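Note sheet for the following structure.
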Amino acid sequence: MHELSLAQGLVEQLEKAAVAENALRVERIIVVIGKYSGVERDAFEFAFPFAAEGTLSERAKLEIEELPVQVECRQCAALSNPEPTLLLCGQCGSNDVELKGGREFLIRSVELEVP
Ligand SMILES: [Zn+2]
0 MHELSLAQGL VEQLEKAAVA ENALRVERII VVIGKYSGVE RDAFEFAFPF
50 AAEGTLSERA KLEIEELPVQ VECRQCAALS NPEPTLLLCG QCGSNDVELK
100 GGREFLIRSV ELEVP
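If you're matching positions, the sequence shown starts at 0 in numbering that gives the first Met the number 0 and goes up one per residue.
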């Protein structure tokens, strides 16, 4: 499962951050997932507690922000937010578009419990 290895990678990063700050544990984490990132939100939420088990992130509250797909049209220069399965300009319908957003998969913020 793709999301489990992503969650494990993320938990490793959290662990490093927590150790660097001498934190007792990770309290809360906000993760940004773009709708074109290939990461399934539900699968990721499901996988996170398994990846976090036995680490400083074990009882961390996971919050997810989803970012829409954004494309810029090379024909009419419009910006639009199409469905990830159909990358067309929302203005003129052209498929000559450049992907501007939606591939994100990153940690936006981490709250640590520090003694
Ligand atoms: Zn267009």
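No residue lacks a Cβ here, since even glycine has one placed at the ideal position from N, Cα and C.
Predicted model, so just to flag it, every value in this text is computed and none were measured.
Here GLY33 is bridged, per DSSP, to LEU66.
Between ligand 1 and GLN90, a heavy atom-to-CB distance of less than 6 Å is present. In the DSSP assignment, no residue is bridged to SER56. A check of alpha carbon separations from GLU65 across LEU13, GLN74 and SER36 identifies SER36 as the nearest. Look at the beta carbons and you see the region 9-18 not touching the region 75-86: under three pairs across the two are nearer than 8 Å.
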